[in-house]
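So the structure is just underneath, and the comments pick up after that.
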């Protein structure tokens, strides 16, 4: 039986033109990460099952590994990582004595989740994270830097307007405390408030007052709070006018204010304080944020992050605090390709095709190509002798705009397929530098 | 129970300084691949088990995936890929109508093998491949280009002298035919000859004549042939002087000669025709090669490749021929780190640390950092206010050579930690461009 070559649902792969877009996205994000001194770090795709389970992951999402003919028990202990944070924590704990703190790393790796695949959800996908982990308290300057880097990255992507929505878990918990709700109840409320975009104000209100049996007054206050989307400038005044007197709440407000003050002025317009944002109330302990593309709010967030006080508690005797952010690269790619947000036309990096009239001149053609490469211009020499029309067709199909001809006289000519212009080139490096410099 | 954070045998991970070396290695290889117009391509880490098994892989090396709580049968069909060639074949077959041929791609991905880990052998490792696949016959110019690109890549790595050992399967089979050996016998001979480096001439001779029961005369001829290591210049004359009259053999000789003629002159000195090279006589059908570092011949090959006439026969109705090469990146990294072939001192990309005297000046420090980033200099601002000595220590530990001070007067000074020189900087972009341009 011939093996099936059908697409495996949830495991995306891109055509060369699409991969070129992904590479450009990666290049722009990485450039921002590196410019802030974040260092590249990778871990194996595989961790001990006990490592992954220590973080309370839902078991059914884990992909466990075993050798097709397992010889021993060892392999049953391995699984593919489902995020980059747990491996990061394990890495920091394991190499603690060989790292310099604050340890600032970026990480671009695939993760795997045995989720049911659906739009924007994959079983294998890239995440592109940064984190700063400290040996002692993480200053709010680090939260501000992570937010700054994330905003700069999305600005560099040029995918249209975007919003970084920010909140603070202390503010949230303090607010719920001030209403007399305990943490269990607060978590239930957060789940409901998270649905605001989907079920609207009325829906949230009725779930709060009916399903959760909160008073109309409290439900009303929660809804009002959740609806607040404040610019950095209006934030403090508006929140103080709520008249909430709670220590946690005030601490949260101060933290947001401190972070905002440290984000460069020209980036502030991308930031919105969103008092409904909770990000699941998981391990985050202070700043939380997520990023959405303004034209595709219904797609949900394409990046997120925050501060967590205890990165390594499971692996080290002492807790290490951290702050970080994660871009859902594959998720973002899905949106970019679906909506054509980036031109996907080049199926190869070559900028010039060197044509070949006959096999005797191939070495000369190779030499011309080397002259181009020497000045940083990727190019290729046509692989065989064929009619010129065929060779030009190949260049056009691949998105190679320039075709170079080495005449028998030794003269070199180059044709711009876009403008149809053909001219003699006396000195290849000079021509290439002039043509391809930005 | 606290989860173990012990290293998982066979799944290497690097410290930041080591990862910086790996990134530099990748950058240099990729630059060469891209300069020849190879396009980036990736596939999922996961393939259908039937796809992987179609290539006759040894089952026990496969890592099969299942969800920790599998709900259906589907997952039992998935496994991690064990090389990049089978997924490439599946990709080409699946996307056949959306690719432009010759399709020239490079691929840097991890692969997984449930091997017993040992020196230079990993269970998870990177391969860094190029391949050219054609719709019809692959011209020998493509073999020559792959060889050229591989040699250029290793030259760019500057790991000392290296040898690309080349042979041709037709030459090998023709030679064995001329001795009256059938293909089964020839395969047995190849296995023995492969041990030449380990057991020496006498060892090979006695295995041929005793274990394989070949005549002393034939055994002698095989040993003589296997010992031949010829430079491109001496190849043809020396091989013709053997007086072997066999059509296959002659075709193999001609192919080698044609490939050699198309490799640029300045690269020829890295090439050796090695008539003992067989690379397992697997799916290769013509050119075969491998690369060894001259100072570490006992480590074995760090790259290899060749031509195979039937890439896609398992997946498509028609066969597609291809030629390619693969660098064992993780294997190479293991050697580089073990022998210190590359300096691993920088644990972050930052070139400048901007110090902070007090939190009030942090925004000004951030602005100075932005001026550096604007001219392409990665840098970071110290994360908190600490004694200057501490901040300088941090820079030194991370391999950041320049420390910048923003004085209260507004003046900016910069200290070179290596030369101990400290000077005032009037214009940051000018200073940065002068200091960090190559």
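Chains as they are written, first to last, in the working numbering: chain A, 681 to 1118; chain B, 681 to 1118.
By construction, the Cβ of each residue, glycine as well, lies at the ideal position given by its N, Cα and C atoms.
Could you name the residues of the same chain whose beta carbon sits closer than 8 Å to that of residue i, not counting the 5 residues immediately before and after it, in chain order?
i, result
"residue 1017 (chain A)", "694, 698, 701 and 1024"
"residue 815 (chain B)", "781, 782 and 1000"
"residue 896 (chain B)", "889"
"residue 836 (chain B)", "708, 709, 711 and 712"
"residue 869 (chain A)", "856, 861, 888, 892, 894 and 902"
"residue 922 (chain B)", "905"
"residue 1020 (chain A)", "none"
"residue 1071 (chain A)", "1033, 1035, 1036, 1062 and 1083"
"residue 800 (chain B)", "979, 980, 1011, 1014 and 1015"
Leaving out the 5 sequence neighbours to the left and right, which residues in its chain are closer than 6 Å to residue i when beta-carbon positions are compared?
i, result
"residue 1097 (chain A)", "1076 and 1081"
"residue 1101 (chain A)", "none"
"residue 787 (chain B)", "721, 764 and 809"
"residue 1078 (chain B)", "1027 and 1028"
"residue 832 (chain B)", "712"
"residue 954 (chain A)", "845, 847 and 909"
"residue 630 (chain B)", "Outside the modelled stretch of chain B, which goes from 681 to 1118, sits residue 630 (chain B), for which no answer is possible."
Listing by chain order, which chain A residues have their CB less than 7 Å from the CB of residue i?
i, result
"residue 790 (chain B)", "725"
"residue 1043 (chain B)", "942"
"residue 1053 (chain B)", "715"
Can you find a C-beta in chain B that's less than 8 Å from the C-beta of residue i?
i, result
"residue 1013 (chain A)", "no"
"residue 722 (chain A)", "yes"
"residue 975 (chain A)", "no"
"residue 1078 (chain A)", "yes"
"residue 780 (chain A)", "yes"
"residue 787 (chain A)", "no"
"residue 998 (chain A)", "no"
"residue 1063 (chain A)", "yes"
"residue 1046 (chain A)", "yes"
"residue 1131 (chain A)", "This structure leaves residue 1131 (chain A) out entirely; chain A is present only between 681 and 1118."
"residue 1102 (chain A)", "no"
Residues in the same chain with beta-carbon distance under 7 Å from residue i, minus the five sequence neighbours each way, listed in chain order, please.
i, result
"residue 959 (chain A)", "968, 970, 984 and 986"
"residue 717 (chain B)", "784"
Under 8 Å Cβ-Cβ, which residues of chain B neighbour residue i?
i, result
"residue 784 (chain A)", "1028 and 1060"
"residue 699 (chain A)", "719, 720, 721 and 722"
"residue 688 (chain A)", "724, 726, 727, 728 and 758"
Is there at least one Cβ from chain A nearer than 8 Å to residue i's Cβ?
i, result
"residue 691 (chain B)", "yes"
"residue 931 (chain B)", "no"
"residue 1038 (chain B)", "no"
"residue 942 (chain B)", "yes"
"residue 1067 (chain B)", "no"
Smallest Cα separation from residue i: which of the options?
i, options, result
"residue 1091 (chain B)", "B:1044, B:1060 and B:1117", "B:1044"
"residue 978 (chain A)", "A:812, A:878 and A:860", "A:878"
"residue 1116 (chain A)", "A:1104, A:1030 and A:1042", "A:1030"
"residue 792 (chain B)", "A:957, A:760 and A:871", "A:760"
"residue 939 (chain A)", "A:821, A:731 and A:778", "A:821"
"residue 1009 (chain B)", "B:1053, B:770, B:789 and B:1056", "B:789"
"residue 1107 (chain A)", "A:1051, A:989, A:844 and A:982", "A:1051"
"residue 767 (chain B)", "B:1060, B:995, B:823 and B:1071", "B:995"
"residue 719 (chain A)", "B:1011, B:844 and B:1060", "B:1060"
"residue 909 (chain A)", "A:952, A:875 and A:1088", "A:952"
"residue 849 (chain B)", "B:834, B:867 and B:872", "B:867"
"residue 692 (chain B)", "A:689, A:725, A:687 and A:1006", "A:725"
"residue 729 (chain A)", "A:916, A:757, A:705 and A:747", "A:757"
"residue 929 (chain B)", "B:1094, B:852, B:1033 and B:956", "B:852"
"residue 949 (chain B)", "B:900, B:1012, B:828 and B:883", "B:828"
Chain A partners of residue i, CB-CB under 8 Å?
i, result
"residue 746 (chain B)", "743, 744 and 746"
"residue 1074 (chain B)", "780"
What residues of chain B sit near residue i, judged by a beta carbon separation below 7 Å?
i, result
"residue 1125 (chain A)", "This structure gives no information on residue 1125 (chain A), because the portion of chain A shown stretches from 681 to 1118."
Compare the C-beta of residue i with all C-beta atoms of chain E and state if any pair is closer than 8 Å.
i, result
"residue 859 (chain A)", "Here the protein chains are A and B, and chain E is not one of them."
Which residues, in order along the region 760-778 of chain B, keep a beta-carbon less than 8 Å from a beta-carbon of chain A?
-> If you check each beta-carbon in the region 760-778 of chain B against every beta-carbon of chain A, the ones closer than 8 Å belong to 760, 770, 771, 773, 774, 775 and 778.
Mind checking the region 702-716 of chain B against chain A and listing, in chain order, the residues whose C-beta falls within less than 7 Å of any C-beta there?
-> 703, 714, 715 and 716
Could you name the residues of the region 789-809 of chain B whose beta carbon sits closer than 7 Å to any beta carbon of chain A, in the order they occur along the chain?
-> Those residues of the region 789-809 of chain B placed with their C-beta closer than 7 Å to a C-beta in chain A are 790, 794 and 804, ordered along the chain.
Below 7 Å between beta carbons is the criterion; list the residues of the region 819-847 of chain A that meet it against any residue of chain B, in chain order.
-> 819, 821 and 822
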